[in-house]
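Asker: All residue numbers for the sequence shown refer to this note's numbering, where the first residue is 1137 and numbers rise by one. Cβ atoms here follow ideal geometry from the backbone N, Cα and C, with glycine treated the same way.
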Amino acid sequence: MDSCLVLFGKVPIPGRCKTRLCPPLTHEEAAGLYAGFLREVVVASQRIPDVALRLAVYPWERRAELPDPDLAVDMMPQEGAKLGERLENAFVSCFAEGFTRVVIRNTDSPCLPEARVCAAFERLMDPAIDLVLGPDYGGGYYLIGAKRALPCQLIEALEGSPHEVFQRTLGAARRAGLVTAVLRSEHDIDVPADLDLLEQPR
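1. Helix or strand or just coil, what does DSSP make of Ala1264?
2. Which full runs of the alpha helix (DSSP H) of 4+ residues lie inside the region 1292-1335, going along the chain?
3. For Pro1246, does the count of other Cβ atoms within 10 angstroms reach 16, so buried, or fall short, so exposed?
4. Give me the Cα-Cα distance between Phe1231 and Val1327, rounded to the nearest whole angstrom.
5. Between which two residues does the alpha helix (DSSP H) carrying Val1179 extend?
6. Indicate whether Ala1317 and Leu1267 have their beta-carbon atoms separated by less than 9 Å.
7. If you drop the 5 nearest sequence neighbours on each side, which residues of the same chain put their C-beta closer than 7 Å to that of Pro1150?
8. Select from Asp1262, Ile1265, Gly1281, Ala1264 the residue whose C-alpha is nearest the C-alpha of Pro1271.
9. Using the three-state DSSP reduction, which class does Val1239 fall into: helix, strand or coil?
10. Buried or exposed: which applies to Val1301, given that a residue is buried once 16 or more other Cβ atoms fall within 10 Å of its Cβ?
11. Please classify Thr1305 as buried or exposed, where buried requires at least 16 neighbouring CB atoms within 10 angstroms.
12. Going by DSSP in three states, Ala1208 sits in which element: helix, strand or coil?
13. What span of residues does the beta strand (DSSP E) with Cys1230 cover, start to end?
14. Here's a check: name, in chain order, each residue in its chain whose Cβ is nearer than 8 Å to the Cβ of Ala1208, leaving out the five neighbours to either side.
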């Protein structure tokens, strides 16, 4: 198997995840909501054919507190102090396993269709494409895929305002000579206004 999908997930610890939803939610409610997102994304990802699946967990030492620990998914630690380091290390780890196409997606876009993830792998099968990005409406990205370890410029693009991460990453990729395929934009569930999206039909 040449392709690996990595889900970047957090242990749903009250007060340490989805804090921007509080208020109106309590920290316990926000953590419970995110636990549902995580469960839903894992189950949906397990339906994607011909792709190895990994759940990258942060913080690793509290992985026993994950919801549904019996879900059949291989886990790996998110290694690094900052998100950029953790992304970089996840790519390096997967390429070291022998995978030639690696896609990393978030776990707080529960409305993301499986077909979008499949499209990312399809783009990476094109010899002319080096990088795939899925932008979110908040200025970041919900998905990043590559065929080799990320240049340091792409990691550095994660620093600074979160509302400009996608544009900084796209610019860094261009300067590094990488041809980037951009997928359709998607919503993260990050702030109270986003909660209405969960009521919409999918």
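Answerer: With the given structure in hand:
1. coil
2. 1301-1311
3. buried
4. 34 Å
5. 1163-1181
6. yes
7. His1163, Glu1164, Ala1167
8. Gly1281
9. strand
10. buried
11. buried
12. coil
13. Careful: Cys1230 lies outside any beta strand (DSSP E), inside the alpha helix (DSSP H) at 1219-1232.
14. Gln1182
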